[in-house]
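Okay, structure first, notes after.
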Ligand SMILES: NC(=O)c1ccc[n+]([C@@H]2O[C@H](COP(=O)([O-])OP(=O)(O)OC[C@H]3O[C@@H](n4cnc5c(N)ncnc54)[C@H](OP(=O)(O)O)[C@@H]3O)[C@@H](O)[C@H]2O)c1
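In the numbering used here, the protein residues as written are 795 to 1138.
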């Protein structure tokens, strides 16, 4: 079998983007041997510049340039300061566009959404762990992917490295999902467990900040928007029920007292979809989980999902995510899923 080259362009070189580059560096030979696929990063862009080389960028140099100068725009010879991700999406020759830029719901998912549309129209498959474009534009993007004959994968948008979407879409084929319960947000579980163990709210928030798991704007996690966004993605993509953020009944964790949290049962921000008539009722709210709940034993760095189905019983999957590596690795899983299904 001949080795197929897969040309990848990546937008965003932060926690996930840089880890993905490192992953490509570590795994390139293994992937070539195992799958006959040669994954080559031909372009990378951050908020201040871009670099592209059709023969493949030197990944050590990508990481060093980003770390030492702050932007990939300074990459020797092939870097361009000031080149935007949209400029790059409009001109790069690549097979896959990876978007690892910030969610930016308030900015209508820019810059991710415009780049994704451009990449698809130019014939690129799209892989993204960025919830913004998927939660706001799921129907449009899946339709656009069909029209353009490309694949869209977003396995990293729900619960980090947990294959929650793959299980729901692939492994539950033919089932009716009566109920879906998820703990898709790591930060809230981390904070709740520390308060349950005796920390004050302030101490728990400081610990979360220290671990680097709390966003600059903590309300996205604490008020439940992150969990709601993930529930919307699951509902659209797994339950095939067209849904928007406004459809989720939402209560965050900030209204809980330390007494509520120390009730003895594990408290979690639970995202739930329950079948009702021809659709689903969607809710995100803190819940104290009884001992026999399938997600009651999740630790502070764990996330999980339970599907209650008509024919496959009850299926639970969980992940312990100590670092963002599993989240970054979802881009690899998505790329392999596309490439191993697509004829050369
Ligand atoms: N971190 C996680 O554990 C995790 C898990 C699952 C999903 N996600 C999602 O994955 C995405 C990336 O997360 P992250 O933690 O890697 O974020 P991050 O560390 O904030 O990195 C964001 C990257 O996007 C770049 N960027 C910002 N605006 C841009 C623009 N206009 N054009 C091009 N690049 C731009 C930034 O550039 P500069 O470097 O120049 O600032 C940075 O490199 C987010 O959507 C996040 O929700 C993250």
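Beta carbons: idealized from backbone N, C-alpha and C, even for Gly.
Quick check on DSSP: helix, strand or coil for residue 946?
Three-state result, residue 946: strand.
Ligand 1 heavy atoms versus the CB of residue 1078: any closer than 7 Å?
Within the chosen limit of 7 Å, ligand 1 does not reach the beta carbon of residue 1078 with any heavy atom.
Beta-carbon separation of residue 1129 and residue 956 under 8 Å?
Not a contact, by the Cβ cut-off of 8 Å.
Closest to residue 984 by C-alpha separation, out of 1062, 907, 1049, 909, would be which residue?
Minimum Cα distance to residue 984 is reached at 1062.
Runs of beta strand (DSSP E) lying entirely within the stretch 835-861, each at least 3 residues, in chain order
At a cut-off of 3 residues, the continuous stretches assigned as beta strand (DSSP E) that sit fully inside the stretch 835-861 are 843-846.
According to DSSP, is residue 1033 helix, strand or coil?
Here residue 1033 sits in coil by DSSP.
Taking residue 981 as part of the beta strand (DSSP E), name the residues at either end of that continuous run.
For residue 981, no beta strand (DSSP E) run applies; the uninterrupted alpha helix (DSSP H) run containing it begins and ends at 980-990, by DSSP.
Nearest-angstrom Cα distance between residue 1040 and residue 994?
Cα to Cα, the separation comes out at about 32 Å.
Is residue 868 close to ligand 1? I mean its beta-carbon at under 7 Å from any heavy atom of the ligand.
For residue 868, the distance from the CB to the nearest heavy atom of ligand 1 is not below 7 Å.
Cβ of residue 865 within 8 Å of Cβ of residue 847?
Cβ distance not < 8 Å, so residue 865 and residue 847 don't count as in contact.
Which whole-angstrom value describes the C-beta separation of residue 1098 and residue 971, a residue pair presumed to lie in contact below a C-beta threshold of 8 Å?
Contact doesn't hold; Cβ gap of about 16 Å is too wide.
Residue range of the beta strand (DSSP E) that includes residue 975:
Element bounds for residue 975: 971-977.
Out of curiosity, what's the CA-to-CA distance linking residue 1094 and residue 1024?
Approximately 19 Å between the Cα atoms of the pair.
Taking 7 Å as the cut-off, does the CB of residue 1121 come closer than this to any heavy atom belonging to ligand 3?
Inclusion of ligand 3 in the displayed structure is not the case, the ligand content consisting of ligand 1 alone.
Going by alpha carbons, who is nearest to residue 755 out of 815, 814, 827, 821?
For the chain, the structure presents residues 795 to 1138; residue 755 sits outside this window and is missing.
Run through DSSP, which three-state label would residue 1060 get?
In the displayed model, residue 1060 falls within a strand according to three-state DSSP.
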